[in-house]
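Below is one structure, written out as C-alpha cells, with a few remarks after it.
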Ligand code: M6R
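Below, the structure written as C-alpha cells:
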C-alpha cells in the first residue's frame, strides 16, 4: 500500500519519478505527489490517480536531478489533496513520503503540539517529519540521517520513508521497517522505491533494505547504510532479472486480462525443472533440503490472506487427501492474535504473491518464535516473506500487476500440488500408478488452460446476460469449494457485485433463501465424486428460478441440459481440477467488470500489496 520512488543522479528526475509512480500505482491510487529540488523546493500533490497529478503538473518547471514521488492508499486521513504525500516540516525545509503506519502518532503529535507545532493534514506521516525537524532544532548541525535515526527510535509501527531537504540537493535519506524499500545502484545514479519496477530501465543492481536500516545517498559519495542502532552494514548487491516488457500491458486492454492469458506460460514456469512425468520425478529444491521436516511433520498449517488463502484451502484438501498429513488453514490476520498452539513438529507454510502482506508476515514472525519450521510460497523474488522463512519455493509467475490476483493463484496451486504429490509418494500414501498419472496430468495443465482460454467469447456472452445482477452465489464441493470462494472474490472485488461462495451442500442451510429469478448461481459441477449431489443442488436452484451457470466436464450433457448456461472444461484428476475450474471464473468476472465500466486493474478502495495490518 502506497508506492514510493526517489532518484538522484545526472538525469532529469521528474520523468523517472512519474514513470515510476505509474508502475507503482497498483500499490495505491487515491492521491499522488512529487518533490523536486531545483534551486527551489517544488512540492505538488493531488487527490486522484497519477494521471490527475500529471495534469496538475503540466507546464510547471520540474527540472532537477533529485526528487521523489508517492502514490497513496489512505490509512490515516481521507484521500484528499492535503493528506496526499509529500508532507513538509513546519519550516518547509524537509519533505517526506511514507508507506506504512506510525502507530503511536497520536501521542507523538500531542507532544509536538505542546511544543508549538501545528499540522495541516490528518496523517501520521506529517507527525514524523515534524518530529525529525524538532530533533534537529536542538542541534543545528545534526545531519538529516542522524535526526531521522533518532526520530525512528521513538516510532512504533511500519514505515518505508524517503526524505529530502530543500537546501541539500545532493542527499536523499531513506529508511524501512516492515514496509519494503529497494535501493537501486546505477552508474553515478541511485534510486529508492517500493519495488524494483521504477528502476529496471536503468539498473539491475539492487539492495533490498532490511528492517530498521537507514540509507543515506549522496550524489558524489555514493550510499551508506546504517542500522537504527547506528551500526554500518554492508549488504550484498543483488542482480535482478526483471525485464521491462514484463511490466507492460503488451497489447492487452488490462493487466488482469494479460495475466489471465499468461497462465499457460506461468503455470509451466512454476513447474519448469521441477517435474518430469516421463522420467517419473517431481522435486522442489526448497523442500528437498528439509524433506525430513516435511515427512515427520505432525501437522501442516497454511497461512495467507485473500486469494492466497483460497490456495491454502485447496492445499488442505491436497495434503490430507494425497499425503495424509493433518492440515489446517489459518487467516494470517487471525492466526497471530489467537495464541495458537504451535510446536517444533509443525510445518508452517505461508503463501503470498507479493511476499509483503503485513498480516502474513506478522503471522510467520510470531510462529517462528514458537520453533515451527517455516516454508514460504511466494511470487515476488527478494520480498520480505522469503527472508523470514527457513526455506521455500518461488512460484515464478512473473510480476502480477492487476489488483485481482489470477496467474499468481494458479502458480501457487501448481507448487502446492507438486508438494502434495511429492509427500504422498514419499510417504507411500499414493500408488505408483496414481503418482505417474498425477504427474503427467499436471504437465498437461498448461495446454488444458489454453483450451479454456479459447472459450472467452462464449464466457463473454454469459457475462452479458448477468452483468446487471446485484448479487451472485458461487457453489462448489470438495476441491472446488475454495474455487467457489475465489470466483466470488474475483467478481466482488472488480465488478462490485455482491457475491458469496459456499460449499454447495450448505446452500440449503440459509443462502437458498436468496435465490430468485434475478440471482445468478455459478456451480462448479466437475467433481466426479459428488456428481449426483451436485445435480440435486442444481435442481434445487432451478426449482427456485435461479440462473444456473455451470462449470462442467466436457461432454456432460446431463448437467448441460439442466443449466441455463454451461462452460465445459477438460476432464482431469480431481485434485488437479481447481487449476482448470478457476479459469472460466476469472474470465467471467473480467468481462462483467468491463461491461459495468469498472476500473478492472485498480478497483476502488483496494491495493495490490497490503502492507498494513
Ligand atoms: O500478496 P498476497 O498474496 O499476500 O496478497 C493477499 C491478498 O491481499 C490478495 O490475494 C487479494 O485478496 C487480491 N486482491 C485478490 O485478488
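In this note's numbering, the protein residues as written are 285 to 897.
Cβ coordinates follow ideal geometry from the N, Cα and C atoms, glycine included.
For ligand 1, no non-hydrogen atom lies closer than 7 Å to the CB of residue 699. If you compare the alpha carbons of 490, 413, 357 and 346 with that of residue 375, the shortest gap goes to 413. If you keep only unbroken alpha helix (DSSP H) runs of at least 4 residues inside the segment 359-399, you get 389-398.
Under the three-state reduction of DSSP, residue 411 is assigned to helix. Taken in chain order, the complete beta strand (DSSP E) segments of 3 residues or longer contained in the segment 784-836 are 804-808. Put simply, the residues with a CB less than 5 Å from any heavy atom of ligand 1 are 589, 590, 591, 592, 636, 637, 638, 641, 688, 689 and 894, in chain order.
Distance from the CA of residue 547 to the CA of residue 734, rounded to the nearest whole angstrom, comes to 8 Å. Contact between the segment 712-727 and the segment 557-566 is present: three or more C-beta pairs spanning the two stretches fall below 8 Å.
Less than 8 Å divides the Cβ of residue 416 from the Cβ of residue 378.
Of the residues 780, 625, 791 and 614, the one whose Cα lies closest to the Cα of residue 589 is 614. Inter-segment contact for the segment 850-864 and the segment 687-702 is present: three or more beta-carbon pairs are separated by less than 8 Å. Cβ contact annotation for residue 517 (same chain, cutoff 8 Å, sequence separation greater than five): 494, 497, 509, 510 and 511, in chain order. In the assembly as shown, residue 410 is a buried residue. Its beta-carbon has 16 or more other beta-carbons within 10 Å. Taking 8 Å as the cut-off, the beta carbon of residue 370 is found closer than this to the beta carbon of residue 354.
Close CB contacts of residue 519 within its chain, under the 6 Å cut and outside five residues either way in sequence, are with 491 (chain order). Annotation for residue 352: the continuous beta strand (DSSP E) segment containing it runs 350-356. Annotated as proximal: residue 487 and residue 468, with beta-carbon spacing under 8 Å.
Between residue 611 and residue 618, the C-beta gap is not smaller than 8 Å, which leaves the two residues out of contact. By the criterion of at least three beta-carbon pairs nearer than 8 Å, the segment 380-399 is not in contact with the segment 323-337. Residue 569: member of the alpha helix (DSSP H) spanning 569-572, first to last residue. Counting the other CB atoms within 10 Å of its CB gives residue 622 a total below 16, which places it among the exposed residues.
Straight across, the Cα-Cα distance linking residue 683 with residue 709 is about 32 Å. Within the same chain, and ignoring the five residues on either side of residue 774 in sequence, the residues whose Cβ sits closer than 7 Å to its Cβ are 688, 869, 870 and 873. When DSSP reads this structure, residue 849 sits in a beta bridge with 833.
Secondary structure at residue 717: helix, using DSSP grouped into helix, strand and coil. By alpha-carbon distance to residue 554, the top candidate from 450, 630, 583 and 662 is 662. Going by C-alpha positions, residue 616 is about 21 Å away from residue 665. Sixteen is the threshold: when 16 or more other Cβ atoms of the shown chains lie within 10 Å of the Cβ of residue 804, as they do, the residue is buried. Here residue 625 is exposed: its Cβ has fewer than 16 other Cβ atoms, across all protein chains shown, within 10 Å.
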